[in-house]
Amino acid sequence: MAEDQTQIESQCLLSYLKNHDLFTVENCLSSDESKGFVKIAESIGFTHQGSRGPAYGEAFRDNHRISVNDPVLADTIWQSGLSDLFTDIKIRRKVAVGLNPNIRFYRYSAGQHFGRHIDESADLEDGKRTYYTLLIYLSGNGTKSKSKSSSSKANDSTSAEPLVGGETVFYGLRNSIVAEVAPVEGMALFHIHGDKCMLHEGRNVSKGVKYVFRSDVVFA
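FYI, in numbering that gives the first Met the number 0 the residues of the sequence shown are 0 to 219.
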């Protein structure tokens with residue numbers, strides 16, 4: 000089956016990598032917007048986040064993060080066109096109503112990565128629950144994504160030190176690779192989480208710095 004691509008706006012390309020369970024949206028943020036988020040995050044200051052590793056039942060994790068509660072920012076990004084992507088998606092009779100206001104920014108420098116793991120759903124107030132992870136890459140100039148049913152496309156953004164590595168990789172049965180998504184500045188990645196979440200990892204960054212905006216799609 001060929002990759003399903005649909006123009007949602009004049010410069011935004013929607014690509015399904017595994018039906019509605021995994022898809023990307025190019026040009027979700029402009030280059031200036033992406034760099035602006037990086038600048039703001041760096042001015043706030045990142046905190047290191049690690050784990051004890053698989054020996055203790057935890058996925059290996061080595062990165063830096065920031066967590067802020069910003070309902071206005073969450074709503075602004077949701078209303079920028081992302082809400083239209085979920086008009087036909089219902090989960091347990093719930094529909095998508097917005098983004099989790101708990102916004103996280105991640106920074107991965109050379110040598111850092113996030114091992115194989117799944118993302119859990121989160122219960123919020125008033126019966127709301129998260130069912131999708133949203134990642135927006137704030138850096139990266141590699142190929143868009145690769146899957147058994149997708150093609151590759153170059154991105155022309157430039158950086159003083161181009162990002163190498165840091166792909167988000169999704170696994171299926173018997174560790175088969177479902178999709179590899181290379182960071183591209185401004186591109187959004189959505190994947191279902193909770194009990195249907197695919198095992199996935201953030202590969203090692205070999206060069207440069209990977210910056211990521213993270214939130215969740217909330218259903219009610």
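Each residue gets a CB set at the ideal place from its N, CA and C atoms; glycine is no exception.
Leaving out five residues on either side along the sequence, give the residues of the same chain with a beta carbon under 8 Å from the beta carbon of residue i.
i           : result
residue 125 : 219
Anyone know if the C-beta pair for residue i and residue j falls short of 7 Å?
i           : j           : result
residue 119 : residue 168 : no
residue 206 : residue 163 : yes
residue 29  : residue 102 : no
residue 217 : residue 127 : yes
residue 204 : residue 137 : no
residue 197 : residue 25  : no
residue 23  : residue 14  : yes
Assign residue i to buried or exposed, taking buried as 16 or more other Cβ atoms, counted over all protein chains shown, within 10 Å of its Cβ.
i           : result
residue 172 : exposed
residue 91  : exposed
residue 112 : buried
residue 51  : exposed
residue 140 : buried
residue 76  : buried
residue 39  : exposed
residue 57  : exposed
residue 135 : buried
Using a beta-carbon distance below 7 Å, is residue i in contact with chain B?
i           : result
residue 162 : In summary, chain B is missing from the structure at hand, where a single protein chain is found.
In chain order, what residues of the same chain lie with their CB nearer than 7 Å to the CB of residue i, ignoring the 5 residues before and after it?
i          : result
residue 62 : 48, 105, 106, 107, 111, 113
residue 18 : none
residue 69 : 100, 102
residue 79 : none
Quick test of your reading: residue i and residue j, contact by CB under 8 Å. State the CB separation rounded to the nearest angstrom.
i           : j           : result
residue 73  : residue 97  : 6 Å
residue 202 : residue 166 : 5 Å
residue 131 : residue 212 : Rounded, the Cβ-Cβ distance is 14 Å, inconsistent with contact.
residue 45  : residue 64  : 6 Å
Entirely within the stretch 69-122 and at least 3 residues each: give me those beta strand (DSSP E) ranges in chain order. Qualifying beta strand (DSSP E) stretches, in chain order: 93-98, 101-107, 113-116.
Let me know the beta strand (DSSP E) ranges lying completely inside the stretch 157-187, each 3 residues or longer, listed in chain order. Within the stretch 157-187, complete beta strand (DSSP E) segments of at least 3 residues are found at 167-170, 176-180, given in chain order.
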